[in-house]
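Single-structure report; data block below.
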Amino acid sequence: MKKVYFFVWMIVGALFVNDSGIAKEISLTSQWHLYHNSRFHYQICYPLMMIPQGESDNGDGQLFTAKDGASIRVYGSYRLDQDFKKIVTEISQWMVGGKGRITYRSYHPQWAVVSGYDKEGKIFYTKLLKGTEDRIMVVVLTYSAKLKFIYNPLSATIASCLKNTE
20 MKKVYFFVWM IVGALFVNDS GIAKEISLTS QWHLYHNSRF HYQICYPLMM IPQGESDNGD
80 GQLFTAKDGA SIRVYGSYRL DQDFKKIVTE ISQWMVGGKG RITYRSYHPQ WAVVSGYDKE
140 GKIFYTKLLK GTEDRIMVVV LTYSAKLKFI YNPLSATIAS CLKNTE
């Protein structure tokens, strides 16, 4: 089992470090794929290990899953002129349920980040981004705490790739 974790850690490390040992930007063409949503006008990148499950019937987003149980859920929604901070709070409460807890929260005028442990004890990382015309885009990365050495480093790239395309 330790050999498997070591191998996975080596792959993750290779994503971020070049031959000279200096961190570099990840090439989306070789390490990552892009998902574009035409209904809510956003894009997100996801690592090759995540398998797209197909766009939702209403076209608001998609679920990506990995064989190890991790997932990325991305979707757009209409804010209907609701207070952004209230939306972030509602989504956070839904994520933690009755048993989870928030360990990090950051609000900004155009985006917010919330992370912690969900109702099932998994780690979650959520980024919300305001769009135009009362739209909001949300990405949620969820994974087992045992896999944090893989997904913690990837969360920053996933979050930075969430962009409004309009």
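Offset between the sequence shown (1-based) and the numbering used here: plus 19.
We put the CB at the ideal spot given by N, CA and C, even for glycine.
All values derive from a computational prediction rather than experimental measurement.
Here DSSP, grouped into helix, strand and coil, assigns Q72 to strand. The three-state secondary structure of A85, taken from DSSP, is coil.
Bridge partners of N56 according to DSSP: Y61. In this structure, the straight-line span from the alpha carbon of R120 to that of C180 is close to 26 Å. Boundaries of the beta strand (DSSP E) harbouring A131: 130–136, taken from the DSSP string. Straight across, the Cα-Cα distance linking G95 with I110 is about 13 Å.
Classified as buried, W51 has 16 or more neighbouring CB atoms from the shown chains inside 10 Å of its CB. S111 sits in a helix when the DSSP states are folded into three classes. Inclusion of L160 and D87 in the CB contact set at 7 Å is not warranted, their separation being larger than that value. If you draw a straight line from the Cα of K104 to the Cα of I155, it is about 12 Å long. Comparing C-alpha distances from Q129 to each of Y136, S174, V157 shows the shortest one belongs to V157. The straight-line gap separating the alpha-carbon atoms of H60 and L147 is approximately 14 Å. G78 has its alpha-carbon roughly 6 Å from the corresponding atom of R58.
G116 and E185 have their C-alpha atoms roughly 33 Å apart.
Contact check for Y65 against F83 passes: the beta carbons are separated by less than 7 Å.
A distance below 6 Å between beta-carbons, with the five flanking residues on each side excluded, links S174 to the following residues of its chain, in chain order: Y144, L160. In the DSSP annotation of this structure, S163 is not part of any beta strand (DSSP E), being labelled neither H nor E.
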